[in-house]
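In what follows, a single structure is set out as structure tokens and then discussed.
Numbering (the numbering used here), first residue to last: -18 to 263.
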């Protein structure tokens, strides 16, 4: 018993690296997870200067750190730094979770997509199966979530982007995983969708992607990967367009963190209470 007790009382260290990092909710989320699951961990936030990411990771690993999360602008660099990667991270070209394995191996995963899927399926009782899905944007945020969404067997995914060629190139990358194609915003006019996911950064700038009206099917849902105290312009648009549900990305944030926590600790925290606590604090 004493050896088990000693092991469980050893404090393992984790961090999140990014720039800027001061507004990160990850330390609070993982502290709540650790208290709930009785895991003895310390989770901090580390601001990393441009050009200093590889050294920062190396220093944290050498000092006995067990793993880390990565946020903007280092997710692509984390992918290159990882010498083992999950299938979803491999195709995403981005890593948001690192686990230090024995032998100095840096294992990279991307939990963003599974976080989005779990939020919609488990927290909101939604589905992707046989749904017509429109995803707005073709940047790193969208690329990171496509494989887990495609694994849910939607009827079709259309990626709409201001630069149509970028949307088409991204769709081609995932073409073997399901019915997916790229499009301009104008070319979705006249189509109907059961689920629209905003993966652009427009919400951060209080802007709305150039969406045509009347593209929501009956009982359609809209989901913004961003979150804030007040609903985004995209979610206001969704309500005006008679969406049945208009959801922000706070649940996705907590669910992707829970997936990271599970990779590190082998424990699945209850996310509901954590989401509620963050919502109240916002």
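Ideal Cβ positions, reconstructed from N, Cα and C, are used throughout, including at glycine. For clarity, every value in this text was computed on a predicted model and none was experimentally measured.
**Item:** Given residue 85 as reference, the closest of 76, 70, 75 and 64 once Cα atoms are compared
**Value:** Comparing Cα positions, the closest option is 64.
**Asked** Residue range of the beta strand (DSSP E) that residue 179 falls in?
**Response** Here the beta strand (DSSP E) through residue 179 covers 174 to 179.
**Request:** Mind reading off the beta-carbon distance from residue 201 to residue 175? Whole number of angstroms is fine, and I expect it under 8 Å.
**Result:** Correct: roughly 5 Å between the Cβ atoms.
**Request:** Would you mind giving the Cβ-Cβ distance between residue 75 and residue 156, rounded to the nearest angstrom? I have them listed as a contact below 8 Å.
**Result:** About 19 Å separates the two Cβ atoms, so there is no contact after all.
**Buried/exposed call for residue 3, threshold 16 Cβ in 10 Å** = Its Cβ having fewer than 16 others within 10 Å, residue 3 is exposed.
**Message:** Quick test of your reading: residue -3 and residue 27, contact by CB under 8 Å. State the CB separation rounded to the nearest angstrom.
**Reply:** Correct: roughly 7 Å between the Cβ atoms.
**Asked** Would you call the CB atoms of residue 114 and residue 135 closer than 8 Å?
**Response** Cβ distance < 8 Å, so residue 114 and residue 135 count as in contact.
**Asked** Where does residue 29 sit, in a helix, a strand or coil, going by DSSP?
**Response** Here residue 29 sits in coil by DSSP.
**Opposing strand residues paired with residue 138 [DSSP bridges]** = In the DSSP assignment, the residues bridged to residue 138 are 114 and 161.
**Prompt:** Terminal residues of the continuous alpha helix (DSSP H) containing residue 153?
**Reply:** Bounds of the alpha helix (DSSP H) holding residue 153 are 145 to 154.
**Asked** By the 10 Å Cβ neighbour count, where 16 or more other Cβ atoms means buried, how is residue -15 classified, buried or exposed?
**Response** Low per-residue confidence applies at residue -15: pLDDT is 45, beneath 50, and the placement is therefore not dependable, though the value from the model is reported in the following sentence. Here residue -15 is exposed, its C-beta having fewer than 16 other C-beta atoms within 10 Å.
**Item:** Proximity winner among 203, 163 and -7, relative to residue 224 (alpha-carbon distances)
**Value:** The candidate whose alpha carbon is nearest that of residue 224 is 203.
**Asked** Does DSSP put residue 233 in a helix, a strand or coil?
**Response** Of the three classes helix, strand and coil, the one that applies to residue 233 here is helix, per DSSP.
**From 120, 158 and 122, residue whose alpha carbon lies closest to that of residue 318** = Only positions -18 to 263 of the chain appear in the structure, and residue 318 is not among them; the question remains open.
**Message:** Would residue 196 and residue 172 qualify as a contact pair, given that the criterion is a beta-carbon distance under 8 Å?
**Reply:** The beta carbons of residue 196 and residue 172 sit closer together than 8 Å.
**Request:** Return the residue from the list 248, 67, 132 and 9 that minimises the CA-CA distance to residue 25.
**Result:** Minimum Cα-Cα distance from residue 25 among the listed residues 248, 67, 132 and 9 corresponds to 9.
**Request:** Under 7 Å Cβ to Cβ from residue 112, same chain only, skipping five residues before and after it: list those, please.
**Result:** If we look at residue 112 and ignore the five residues flanking it on each side, its Cβ neighbours are 135, 136, 175 and 176.
**Message:** Within 10 Å of its beta-carbon, does residue 185 have 16 or more other beta-carbons around it, so buried, or fewer, so exposed?
**Reply:** Around the beta carbon of residue 185, fewer than 16 other beta carbons sit within 10 angstroms, so the residue counts as exposed.
**Prompt:** What three-state label does DSSP hand residue -12 in the structure shown?
**Reply:** Note on residue -12: pLDDT 46, under 50, position unreliable in the model; the coordinate value appears next. Three-state result, residue -12: helix.
**Asked** Per DSSP, what kind of secondary structure is residue 66 in: helix, strand or coil?
**Response** Of the three classes helix, strand and coil, the one that applies to residue 66 here is strand, per DSSP.
**Asked** What's the gap between the Cα of residue 245 and the Cα of residue 51?
**Response** Looking at the two C-alpha atoms, the distance is approximately 14 Å.
**Prompt:** At which residues does the beta strand (DSSP E) containing residue 226 begin and terminate?
**Reply:** From DSSP, the beta strand (DSSP E) with residue 226 extends over 226 to 228.
**Prompt:** Where does residue 87 fall in DSSP's three states?
**Reply:** Secondary structure of residue 87 (DSSP, three-state): strand.
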